[in-house]
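Numbering (my numbering), first residue to last: 1043 to 1798.
Here the structure is laid out as structure tokens; the discussion comes afterwards.
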Amino acid sequence: MSVQVLFCTCGGVLKDRLDIDELKAFVRGIDGVTEILTTEAACTKAVREELSEAMEGGGEKVVAFACTRSVCGRPLEAVMEGAGLDPQNLVILNSKEQVALVHPDRGEATAKARRLLASAVAKAKSLRSMDVVSYQRHQSALVVGAGIAGLTAASELADRGISVHVVERNPAIGGVMPLISKTYPEEDCTKCLRGPRMIELLTRPGITYHVSSEVKAVERTPKGFRVTVETVPAELDLEPKAGKGQPVEAMQAKSGKPGYKLVYRGEPSKAAVKAVAESRCGSCTSLFPAALMGPDEEPGEQTLEVGAVVIATGFQDFDAKGVPKWGYGLPNVITQFQLARLMDPLGPTGGVIARPSDLKQPHSIVMVQCVGSRDPEYYADCSKYCCMAAIKHSTIIKRFKDPEAEVTVLFRDIRASGYGFESLYNEAKALGVKFVHGDILGVETSGDGLGVDYVSGMSEPGRLDADMLVLSTGMTPAEGSGGVAELFNVELTISGFMKEVDEKVANMTTRAPGVFIAGACTGPKNIPDSIAQAGAAAYMAGSHLGTHLKKLSDHPVVDEDNCGRCGICRSVCPYDAITIPEDEYPQFDAELCQSCGLCVSSCPTKALETPNYGYDLIDAQVEAVTADKEGPLIVGFLCDDCGYNLLDTAGFTGATYTAGFVPVYVNCMSNLSLRNVLNTVRRGADGVMLVGCVKDRCHFLKGTQRSRGQMDIIGEYFRAVGIETPIVILESSGTMVAQFTEALASMAERLEEARR
């Protein structure tokens, strides 16, 4: 297999710091090298055209001795394309940032460059061109959840001409927002905003609603997803049972709708109260457009073929019943969501704030913050909306409901981080709302009211008397959202919310290709944030559908002679890309497989090999760098993402470290097997360092976790047989240079002491 080697001196910088002539002489002696080219600036357009002509007709593999691939990668690929060569057969050796700039001794730097050249040529010889597979995805999308985030995503997708299916487990669309009459900070009337919008969405062409429905099964296909949806029409309970939070007869009398009865959605924590005709004539649609019932659905299952999915399953408020200190279950203890229903002119009391026990108007109201939030026992983080919900409701009470009412907010910290939020907070204080810093200790009935015991921020006990207690409950994942996440292979956080790829730059993207998330299913959010994220998720889903999938066919290849069909590969795959049909060998979904290599490194019989990433290619590079070893040698296995960027940053920032450290890159630490590390030690490496992504930041999910498990096994083996070769694992990002150089210096010092 013939290899061309291109030396780029980067404007003479490399010629000053490395002995280029010695390196050329060295590489001429490597078997398979047929052509040596030299240039001073391979990244310039004029030089690229000359190089393409010079490479034409030469070896089909190319090693470029140049600078970082982030600068010269695409230009060199263009050079190969111009020469009629496949860019897949290009190996870039970063001799500037990762050699010349970090090793000031010219002789040591040149010696290291020799090793890297031998490794790069060995890698180039092992490379092979792979086919590019192309798919056209189904031009339709599935939105799971019909709250404000789901409806926003559906609307945005429909605007792009994409057919949308919306699956909602409840019998009505809208989620929580239709149950709120005012939004903060401007106290806008949500009915004026949402009513026409709901009607428009329900009647909009291109959006099909499946209410009272749930996703039951998901199958990946080359064009997207085959989704099974089950519909079970809701049974509306026209005779609410006792103990559901409000006295039925009194609430019916307050409804002001002759001939209608109130229908509850289960428990009071879901205080969605709707008026519905006894005849079930459907006139509730016109009476309550903000909580429109969905279209009639026939029970049964149907199959949908879609190309992208947006999950927006929302949230449910924290259930405080199980914690006695909050008093939920005592008379006249309600949540902020239930208070919102009482304040709604279309709510069960016509907008009158009435105590559930006797429908009397409360004159003293205490609101308790952080119920189920900022508590590691329940939800460790802030639920974001609770402070402003309490402030909004307290100002509405003082301005519109009962200016003489005593409203007290018992808080840990007030968080008003948004445009207009601080102004609303100041307005509440100006209206006479009292803010008491402290933590609740307990609640008990006291005569006709309630006594709320607390400890202040100064550790002093206190007591607040109240006619009504309102709990600002936090947000928790919606019922059933975990099952939806499992069906679509979406990770969950420790709190049960859906996990994004990166909360800063990709907070609507999941690690499951084609699956996007939006709204409070990703964590507590207010309405504007949910809408913004839903719009972004819809954009990403639309872009996903609008592009042909072009992907290298680089999934592992099965050696059937060595495969025992044990199923380990399938069990470890983070992407569910492997199936093993009965009496057949493992099969790989080309779209789902991300070529992380975890299945390859886990295979006990070495029956799997990933083209251009596998065990043999890694071992060929190790053999090259350990040949003719002089002086201490530390072989570093580095993740091709964070690890590569780390060494680049070291060069950019002027850091220095021992030239005895020689990197071998793997696409992910998942791909590194025990055999690779053991062979590295057997071939004479004095030390081994593994550099992967920091915890929970691995681009292939399990790289660092995998490498730690592997090294624990090797450590036990080494201790058992008396091998003292040190192995260090470093979790690092691309900027953690000091941590890297310190760890490497410590390792080099240990090796030097051992040699004395």
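Quick reminder that beta carbons are idealized off the backbone N, C-alpha and C, glycines included.
Because the structure is a prediction, the values reported are computed rather than measured.
Could you round the C-beta distance between residue i and residue j to whole angstroms and report it? I think they count as a contact, below 8 Å.
i	j	result
V1557	I1249	At roughly 19 Å, the Cβ-Cβ gap does not stay under 8 Å, so V1557 and I1249 are not in contact.
G1639	S1749	12 Å between Cβ atoms; not a contact.
K1258	T1270	5 Å
A1188	G1216	7 Å
W1368	V1408	12 Å between Cβ atoms; not a contact.
V1375	S1514	Not really, about 12 Å apart at Cβ, beyond 8 Å.
D1509	R1397	6 Å
L1065	A1155	6 Å
N1718	D1754	Going by Cβ atoms, the distance from N1718 to D1754 rounds to 16 Å, so no, they are not a contact pair.
S1415	C1424	6 Å
V1485	L1511	6 Å
Taking the beta carbon of residue i as the centre, do at least 16 other beta carbons fall within 10 Å, making it buried, or is it exposed?
i	result
Q1146	Note on residue identity: the sequence assigns Pro, not Gln, to residue 1146. Classification for P1146: exposed.
N1468	exposed
I1702	Residue identity check: residue 1702 is Gly in the sequence provided, not Ile. So G1702 ends up on the buried side.
E1281	Here the model assigns E1281 a pLDDT of 47, short of 50, so the residue's position is not dependable, and the following value carries that caveat. Exposed.
R1059	buried
A1787	exposed
S1321	For S1321, the predicted structure reports a pLDDT of 35, less than 50, and the residue's modelled location is therefore unreliable. A value from the coordinates is still provided. Exposed: under 16 other Cβ atoms inside 10 Å.
A1422	exposed
D1738	exposed
D1063	exposed
D1690	buried
L1659	buried
V1260	buried
R1170	exposed
S1715	buried
S1112	exposed
T1245	exposed
A1332	Note on A1332: pLDDT 37, under 50, position unreliable in the model; no value is reported.
P1337	The predicted model places P1337 with a pLDDT of 48, which falls under 50 and marks its position as unreliable; any figure quoted below should be read in that light. So P1337 ends up on the exposed side.
F1357	buried
F1107	buried
G1324	Confidence at G1324 is low in this model, with a pLDDT of 45, below 50, so its placement is unreliable and the value that follows should be read with caution. Exposed.
L1483	exposed
H1590	exposed
T1152	buried
K1363	exposed
K1402	exposed
P1519	buried
A1314	Residue confidence is low: A1314 scores 33 on pLDDT, short of 50, so the model does not pin down where it sits. No coordinate-derived value is stated.
F1782	buried
Mind checking who residue i pairs with in its DSSP beta bridge?
i	result
I1376	V1512
R1553	For R1553, which the question treats as bridged, DSSP gives no partner whatsoever.
M1517	D1359
D1251	For clarity, residue 1251 is Tyr in the given sequence; the question names Asp instead. Answer is V1208, bridged to Y1251.
D1625	D1625 is not bridged to any residue.
S1406	E1448
Y1370	L1372
F1630	I1620
V1642	According to DSSP, which records beta bridges pairwise, V1642 is partnered with nothing at all.
E1347	R1268
R1457	None; R1457 has no bridge partner.
V1045	V1075, K1103
R1262	F1267
T1080	F1049
Exercise. Pick out the complete alpha helix (DSSP H) segments inside the stretch 1647–1734, 4 residues or longer, and give them in chain order.
Key: 1657–1668, 1684–1694, 1716–1724
Quiz prompt | Residue ranges of each alpha helix (DSSP H) within the stretch 1461–1515, 4 or longer | solution = 1463–1472
Quiz item: How about the stretch 1717–1729 and the stretch 1661–1678: do they share at least three Cβ pairs that are nearer than 8 Å?
Solution: yes
Quiz item: So, do the stretch 1060–1078 and the stretch 1097–1114 have three or more beta carbon pairs nearer to each other than 8 Å?
Solution: yes
Quiz item: Does the pairing of the stretch 1632–1652 with the stretch 1596–1611 give three or more beta-carbon distances under 8 Å?
Solution: yes
Quiz item: Any chance the stretch 1576–1587 sits against the stretch 1613–1625, with 3 or more Cβ pairs inside 8 Å?
Solution: no
Exercise. Could you pull out every unbroken beta strand (DSSP E) segment of at least 3 residues lying fully inside the stretch 1521–1599, listed in chain order?
Key: Within the stretch 1521–1599, the complete beta strand (DSSP E) segments of 3 residues or longer fall at 1557–1559, 1591–1594, listed in chain order.
Quiz prompt | Cβ pair count under 8 Å reaching 3, the stretch 1690–1704 against the stretch 1754–1774 | solution = no
Practice problem: Inspect the CB distances between the stretch 1549–1556 and the stretch 1448–1457 and report whether three or more fall short of 8 Å. | Solution: no
Quiz item: Touch check for the stretch 1425–1442 and the stretch 1519–1538: three-plus C-beta pairs under 8 Å?
Solution: no
Quiz item: What beta strand (DSSP E) runs, 3 residues minimum, are completely inside the stretch 1150–1197?
Solution: 1174–1177, 1182–1186
Quiz item: With contact counted as at least three CB pairs below 8 Å, one residue from each stretch, are the stretch 1149–1168 and the stretch 1130–1139 in contact?
Solution: yes
Quiz item: Can you find at least 3 beta carbon pairs, one from the stretch 1683–1697 and one from the stretch 1622–1635, that sit closer than 8 Å?
Solution: no
Quiz item: Can at least three beta-carbon pairs, one atom from the stretch 1340–1350 and one from the stretch 1174–1187, be found at a separation below 8 Å?
Solution: yes
Exercise. With a floor of 3 residues, list each beta strand (DSSP E) that falls wholly inside the stretch 1100–1149, ordered by position along the chain.
Key: 1103–1108, 1132–1136
Quiz item: Per the contact definition of three or more C-beta pairs closer than 8 Å, is the stretch 1114–1127 in contact with the stretch 1080–1087?
Solution: yes
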